[in-house]
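Data block below; observations after.
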């Protein structure tokens, strides 16, 4: 981990949804990052006021580049600028990457179950991309709870990863408010029963990476323990915590 602030160049930007944007940064001196890590971003106003927020890394890129996907918060100090204001060619200050526990490494062949609530999919996408890039033989699944089809991040890429013959990603969606017109079940919150049918079973001894709002993470992790999963294999990140401001 680098504890020094470095100047990053914004070299590309794209919207994932109407309120979420991916920024590609080039950070001189960066030598790669682990899937699941985060960085701190610092903005400084003309009057000297500074605001710092943590954002999960969405990419699995080598070298001195990484991507962040930022969801705009209506009352945020940093996210509205990153989503609406920053332009390609601008610069921001970055510290990190940070984190060594909520990470997936390509050499690990243990079955993996990713569970995302909303923008909690960001660090899990980094893991899915790393899994594909490594052509890993580890079984990988993603259960993605999201409000509506319009709120899904990385939809086309997730579909492509599901078709990846070398390292397929199994993807299942739970739409909590509005489901697609042809969806087989009505919209509704994730339940323990749906989780049990969609997630890898305890007999497979999977590692779980679970990211989302605090209430979502606490509820789902409790269901997993109740279903017989080893608590030590349930790794969690929460919005607003260290590294959890996806």
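Residue numbers (this note's numbering): 82 to 327. Glycine included, each C-beta is placed from N, C-alpha and C at the ideal position.
Within 7 angstroms, strictly: CB atoms of residue i and residue j
i: residue 314; j: residue 288; result: yes
i: residue 221; j: residue 250; result: yes
i: residue 280; j: residue 248; result: no
i: residue 174; j: residue 86; result: yes
i: residue 152; j: residue 101; result: yes
i: residue 295; j: residue 258; result: no
i: residue 243; j: residue 255; result: no
i: residue 137; j: residue 192; result: no
i: residue 290; j: residue 195; result: yes
i: residue 292; j: residue 197; result: yes
i: residue 245; j: residue 172; result: no
Span separating the alpha-carbon of residue i from that of residue j
i: residue 323; j: residue 135; result: Bear in mind that a pLDDT of 35 at residue 323, under 50, signals an unreliable position, so the number given afterwards is only what the model happens to contain. One C-alpha to the other measures close to 7 angstroms.
i: residue 326; j: residue 264; result: Residue placement at residue 326 cannot be trusted, given a pLDDT of 33 that sits under 50; what the coordinates show is reported in the next sentence. Distance between the alpha carbons of residue 326 and residue 264 is about 30 angstroms.
i: residue 261; j: residue 183; result: 32 angstroms
i: residue 213; j: residue 199; result: 22 angstroms
i: residue 236; j: residue 126; result: 35 angstroms
i: residue 166; j: residue 155; result: 14 angstroms
i: residue 104; j: residue 145; result: 14 angstroms
i: residue 181; j: residue 129; result: 32 angstroms
i: residue 206; j: residue 232; result: 15 angstroms
i: residue 317; j: residue 208; result: 14 angstroms
i: residue 88; j: residue 109; result: 8 angstroms
i: residue 112; j: residue 177; result: 11 angstroms
i: residue 119; j: residue 150; result: 11 angstroms
i: residue 162; j: residue 131; result: 13 angstroms
Start-to-end residues for the beta strand (DSSP E) that takes in residue i
i: residue 178; result: 172-179
i: residue 268; result: Residue 268 -> no beta strand (DSSP E), and no H or E assigned at all.
i: residue 164; result: Where residue 164 is concerned, there is no enclosing beta strand (DSSP E), given that its DSSP letter is neither H nor E.
Nearest to residue i (by Cα), restricted to the options the options
i: residue 98; options: 229, 225 and 256; result: 229
i: residue 276; options: 306, 234, 153 and 244; result: 306
i: residue 210; options: 106, 168 and 139; result: 139
i: residue 308; options: 299, 170, 273 and 293; result: 273
i: residue 169; options: 107, 93 and 160; result: 93
i: residue 148; options: 121, 132 and 154; result: 121
i: residue 311; options: 292, 284 and 300; result: 284
i: residue 268; options: 246, 227 and 278; result: 227
i: residue 160; options: 143, 123 and 179; result: 123
i: residue 286; options: 142, 219, 162 and 224; result: 219
i: residue 143; options: 158, 107 and 133; result: 107
Run of the alpha helix (DSSP H) containing residue i, from where it starts to where it stops
i: residue 212; result: 202-214
i: residue 236; result: 236-243
i: residue 158; result: That residue, residue 158, is in no alpha helix (DSSP H); it is neither H nor E in DSSP.
i: residue 89; result: Unbroken run through residue 89 is the beta strand (DSSP E), 87-98; no alpha helix (DSSP H).
i: residue 307; result: 295-307
i: residue 246; result: Segment: none, residue 246 is in no alpha helix (DSSP H) and carries neither H nor E.
i: residue 278; result: 273-279
Any non-hydrogen atom of the ligand MN closer than 6 angstroms to residue i Cβ
i: residue 172; result: The model depicted lacks the ligand MN and carries no ligand whatsoever.
DSSP beta-bridge partners of residue i
i: residue 223; result: 195 and 252
i: residue 131; result: 125
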